[in-house]
Amino acid sequence: MIKVAPSILSADFAVLGAETEDVRRAGADLLHVDVMDGMFVPNISLGVPVIKSLRKATEMFLDVHLMIEQPVRYVEEFCKAGADLVNVHVESDSEENLLRAIGLAKAQGKKTGVTLKPKTPAEAVKPYLGLVDLILIMTVEPGFGGQSFMHDMLPKIRAVKALVDACAPGTDIEVDGGIDASTAPLVTAAGANVLVAGSAVFGKADRAAAIRAIRENAVG
Ligand code: DX5
Ligand code: ZN
589 MIKVAPSILS
599 ADFAVLGAET
609 EDVRRAGADL
619 LHVDVMDGMF
629 VPNISLGVPV
639 IKSLRKATEM
649 FLDVHLMIEQ
659 PVRYVEEFCK
669 AGADLVNVHV
679 ESDSEENLLR
689 AIGLAKAQGK
699 KTGVTLKPKT
709 PAEAVKPYLG
719 LVDLILIMTV
729 EPGFGGQSFM
739 HDMLPKIRAV
749 KALVDACAPG
759 TDIEVDGGID
769 ASTAPLVTAA
779 GANVLVAGSA
789 VFGKADRAAA
799 IRAIRENAVG
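The opening position of the sequence shown corresponds to residue 589 in the working numbering, with each subsequent residue numbered one higher.
Below you can see the structure in the form of structure tokens.
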């Protein structure tokens, strides 16, 4: 089943609780929370205190996308703050430290994911297959909302799907960046089943119609 995950990066941060409730009512399956440190990506967004507040405001599943250097330093704090799933970038630290980060999140009873930047090949997920619940494939360079979908990521989605089917069936495949009603059919046909959408949901006045359009155009 396809899941739609609005990214709060495109929400109005002054009224984040209301924005979250709005997309929940509009049919969102989970909430995608983008954490940026100004080092791993050239932008700063939000951190632990915001996730703590969000946790009090909603029961929605919080999918936390850590775009930070050496996430092992902060994983436990994000878990304690209320993340339900923690995504770490494979480029953000050594394999050993990332495996430690994943272990720390699992020890807190959380789900885990590994994320690939556009230039990182599909094979980079291999050390983590079977350990994580989800693979997140970036379909734009991480850092900003509202960028155009990179069509040349479609072969990578297919390659990750083949690896998942062979080695860790049932692992979710999430895509992030430039996802809307027109790109949803492409990524889902390639194998993605969790679709992050920032501007295509929060940027629209009618969020229910926006989520419906993505879901209806998705394949599967
Ligand atoms: C980008 C973030 C995305 C971003 C997507 O670095 O990881 O989650 O919010 O925004 P759209 O859907 O507008 O491309
Ligand atoms: Zn994201």
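All C-beta atoms, glycine included, are put in the ideal place defined by N, C-alpha and C.
Cβ neighbours of asparagine 805 in the same chain (closer than 6 Å, five flanking residues each side left out): Ala769, Ala772, Pro773
Coil, strand or helix - threonine 608 by DSSP: helix
Would you give the residue range spanned by the alpha helix (DSSP H) that proline 637 belongs to? 636-645
Locate the beta strand (DSSP E) running through valine 702, then write down its first and last residues. 699-704
is_contact[arginine 795, chain C] using C-beta, thresh 7 Å: Considering every chain present, this structure includes no chain C. It has just one protein chain.
Could you say which of Leu751, Leu642, Lys707, Phe790 lies nearest to alanine 669 if we only look at CA atoms? Leu642
For the candidate residues Gly734, Gly731, Asp760, whose alpha-carbon lies nearest to that of isoleucine 745? Asp760
Considering leucine 654, what are the terminal residues of the beta strand (DSSP E) in which it resides? 650-655
At what residues does the beta strand (DSSP E) containing valine 621 begin and finish? 619-624
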